[in-house]
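The numbering used here applies: residue 1 is where the sequence shown begins, and numbers increase by one. Working notes, beginning with the structure itself.
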Amino acid sequence: MGEGQVKGTRESSGAAEEATEETAEADPSRPGDIPPSGARRKLTESGAVILAAALLSSGALAALAMPRPVAPTETPGLVLPVDAAAQMRARDRALAEEAPTGIPAETLLDAYRRHGLAERHGSNPETYRYDRRAIVRAAALLRQESGDEAIDALRAQVTEHLDEGLRGRLDPSDQDALMGTFIETMSSYGIVEDGVWRAPDLVVRTLFKARFNAALRLELIEGLSPVEVEAYWGWLALEAHDAPTDRRLVALGAYEEVTGREFAEARGTLLFAAGEFLAAAEAFEGAYQASGNVRLRNHALAAMAEAAP
Numbered sequence: 001m002g003e004g005q006v007k008g009t010r011e012s013s014g015a016a017e018e019a020t021e022e023t024a025e026a027d028p029s030r031p032g033d034i035p036p037s038g039a040r041r042k043l044t045e046s047g048a049v050i051l052a053a054a055l056l057s058s059g060a061l062a063a064l065a066m067p068r069p070v071a072p073t074e075t076p077g078l079v080l081p082v083d084a085a086a087q088m089r090a091r092d093r094a095l096a097e098e099a100p101t102g103i104p105a106e107t108l109l110d111a112y113r114r115h116g117l118a119e120r121h122g123s124n125p126e127t128y129r130y131d132r133r134a135i136v137r138a139a140a141l142l143r144q145e146s147g148d149e150a151i152d153a154l155r156a157q158v159t160e161h162l163d164e165g166l167r168g169r170l171d172p173s174d175q176d177a178l179m180g181t182f183i184e185t186m187s188s189y190g191i192v193e194d195g196v197w198r199a200p201d202l203v204v205r206t207l208f209k210a211r212f213n214a215a216l217r218l219e220l221i222e223g224l225s226p227v228e229v230e231a232y233w234g235w236l237a238l239e240a241h242d243a244p245t246d247r248r249l250v251a252l253g254a255y256e257e258v259t260g261r262e263f264a265e266a267r268g269t270l271l272f273a274a275g276e277f278l279a280a281a282e283a284f285e286g287a288y289q290a291s292g293n294v295r296l297r298n299h300a301l302a303a304m305a306e307a308a309p
């Protein structure tokens with residue numbers, strides 16, 4: 001064997017030995033291999049951190065699971081179908097295109113306009129009473145001549161201008177006639193907070209339609225679609241935090257009826273706020289039994305503690 005061959009063999013052998021040593025050093029999982037002391041120390045430190053975190057986590061979970069009275073603060077939020085707003089806008093556009101244009105319709109719209117101006121700027125009692133009677137007569141005459149569909153179409157036609165009114169893009173007189181005190185009224189129902197609209201588009205449009213109905217002395221939810229009725233009662237029950245609790249409880253009953261569901265947590269929260277602690281405890285206990293959520297059990301304990309003499 002030549003010198004070059006011997007040299008190459010030696011270099012190959014040396015490289016193989018180095019590779020073998022590196023592989024053995026980096027593979028502590030093989031039987032008989034022991035990782036270097038530095039690696040062992042790193043694993044121990046990491047394991048300690050993981051163990052400590054696990055213990056803290058389990059301790060926190062155990063603390064949360066411990067029975068303790070916790071007073072409820074807010075009702076669950078309102079959840080509406082994601083495509084409902086777009087569907088209702090399309091429905092309003094279609095209805096508005098069918099709006100009547102005869103004298104009864106014009107009389108009604110003029111009376112509605114005067115209503116908004118009086119609401120915004122006030123009027124003397126005699127004029128106010130006259131305008132109220134005029135708008136009711138106009139609505140009755142239109143219904144008699146053209147049916148309920150005519151009222152629905154005019155409601156949709158007026159609502160089609162709501163976006164412009166909310167953005168203040170109308171002439172001042174038209175703005176006041178359309179909006180009246182709608183924005184100020186909505187502030188008391190949590191629709192507007194610090195100038196920010198926090199309600200979904202569907203809720204705002206629904207409440208504006210309810211205002212139209214109120215002006216005509218109609219039932220507030222007359223002519224509304226099922227999802228709009230759901231939005232109307234659901235917002236008042238679950239989101240109108242500044243509204244009187246007794247009204248929110250009534251709205252919750254209507255909301256449960258229209259949805260066909262029971263909202264025990266919301267009922268317990270409102271009953272707790274109303275000072276009806278035994279009824280609140282019963283509602284929370286039922287919600288806890290149905291869901292297993294320990295937060296609801298703790299709300300029930302808080303209600304029982306308040307009810308104790």
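No residue lacks a Cβ here, since even glycine has one placed at the ideal position from N, Cα and C.
Going by CA-CA distance only, name the one from the options that's closest to residue i.
i: residue 101; options: 237, 234 and 153; result: 153
i: residue 72; options: 289, 309, 308 and 277; result: 277
i: residue 235; options: 125, 155, 306 and 206; result: 206
i: residue 92; options: 131, 157 and 118; result: 157
i: residue 273; options: 247, 293, 285 and 139; result: 247
i: residue 107; options: 95, 133, 84 and 97; result: 133
i: residue 307; options: 252, 288 and 282; result: 282
i: residue 339; options: 75, 178 and 231; result: This structure cannot settle anything about residue 339, because the visible part of the chain is limited to 1 through 309.
i: residue 70; options: 286, 269, 279 and 111; result: 269
i: residue 208; options: 302, 190 and 183; result: 183
i: residue 259; options: 140, 230 and 221; result: 230
i: residue 160; options: 201, 304 and 216; result: 201
i: residue 251; options: 199, 288, 129 and 221; result: 221
i: residue 261; options: 79, 204 and 217; result: 79
i: residue 177; options: 116, 166 and 104; result: 116
i: residue 113; options: 127, 135, 237 and 298; result: 135
i: residue 215; options: 66, 129 and 84; result: 129
i: residue 150; options: 237, 122 and 105; result: 105
i: residue 165; options: 309, 204 and 193; result: 204
i: residue 120; options: 144, 244 and 181; result: 181
i: residue 143; options: 88, 238, 99 and 84; result: 99
i: residue 237; options: 219, 265, 212 and 226; result: 265
i: residue 290; options: 223, 263 and 186; result: 263
Can you give me the start and stop residues for the alpha helix (DSSP H) that residue i sits inside?
i: residue 173; result: 172–179
i: residue 161; result: Counting along the chain, residue 161 falls outside any alpha helix (DSSP H), and DSSP gives it neither H nor E.
i: residue 70; result: First-last for residue 70: undefined, no H or E at that position.
i: residue 232; result: 226–238
i: residue 294; result: 294–307
i: residue 242; result: It is not in any alpha helix (DSSP H) - residue 242 carries neither H nor E in the DSSP assignment.
i: residue 169; result: Where residue 169 is concerned, there is no enclosing alpha helix (DSSP H), given that its DSSP letter is neither H nor E.
Under the three-state reduction of DSSP, which class applies to residue i: helix, strand or coil?
i: residue 40; result: For residue 40, the predicted model reports a pLDDT of 43, less than 50, meaning its position is unreliable; a value from the coordinates is still stated below. Helix, per DSSP.
i: residue 204; result: helix
i: residue 196; result: strand
i: residue 279; result: helix
i: residue 104; result: helix
i: residue 263; result: coil
i: residue 122; result: coil
i: residue 20; result: Confidence in residue 20 is poor, its pLDDT being 40 and thus under 50, which makes the residue's placement unreliable; the coordinate value appears in the next sentence. Reduced to three states, the DSSP call for residue 20 is helix.
i: residue 255; result: helix
i: residue 189; result: coil
i: residue 291; result: helix
i: residue 217; result: coil
i: residue 92; result: helix
i: residue 116; result: helix
i: residue 29; result: Because residue 29 sits at a pLDDT of 42, beneath the cut-off of 50, its placement in the model cannot be relied upon, and the following sentence gives the value as read from the coordinates. In this structure, residue 29 counts as coil in the three-state DSSP scheme.
i: residue 80; result: coil
i: residue 286; result: helix
i: residue 210; result: helix
i: residue 268; result: helix
i: residue 86; result: helix
i: residue 111; result: helix
i: residue 184; result: helix
i: residue 250; result: helix
i: residue 273; result: helix
When you measure from the CB of residue i to every non-hydrogen atom of the ligand FMN, does any distance come out below 7 Å?
i: residue 113; result: By its list of ligands, the structure shown contains no ligand whatsoever, and the ligand FMN lies outside what it can speak to.
Runs of alpha helix (DSSP H) lying entirely within the segment 129–166, each at least 4 residues, in chain order: Within the segment 129–166, the complete alpha helix (DSSP H) runs of at least 4 residues are 148–159 and 162–166.
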